[in-house]
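Numbering (our numbering), first residue to last: 983 to 1102. By construction, the Cβ of each residue, glycine as well, lies at the ideal position given by its N, Cα and C atoms. Values in this document were obtained by computation on a predicted structure and should not be read as measured data.
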């Protein structure tokens, strides 16, 4: 967890993003895996917060809806739409496509979130 925190902190320092988007943890059958994923996610969110980045979280369904057009899309469909929409120079592994899909979801939702925040 410390390595995740330090490595993401270095990436943030180098690339200086303005925000972060994270997928909510999805628990299917393996509770042990979900707990480990939650710990890793926590370390990564902590690194973002340590760098004063605003972190937005989205459900897997919302991310798939924003990327593919329906919330029940499979990983291959998400990977295909990322390839079509963003035209990456290299083939992307599933996890990289998932990360970019979370970013696209945030790009779709951020303007609305900002408007709603300004209303309060």
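Open item on the list: Let's test the definition: count the other Cβ atoms within 10 Å of the Cβ of residue 1088 and tell me whether it reaches 16, buried, or not, exposed.
Closed with: buried
Open item on the list: For the region 992 to 1011 against the region 1039 to 1051, do three or more pairs of beta-carbon atoms, one drawn from each stretch, fall closer than 8 Å, so that the two count as touching?
Closed with: yes
- [ ] Could you check the C-alpha separation between residue 1032 and residue 1021 for me, to the nearest Å?
- [x] 16 Å
TODO: Return the bridge partner residues of residue 1040 from the DSSP annotation.
DONE: 1005
- [ ] Measure the CB-CB distance between residue 1026 and residue 986 and report whether it falls below 7 Å.
- [x] One thing to note: residue 1026 has its Cβ within 7 Å of the Cβ of residue 986.
TODO: Could you tell me whether the Cβ atoms of residue 1049 and residue 1083 are closer together than 7 Å?
DONE: It is a contact, given that the beta carbons lie within the stated cut-off.
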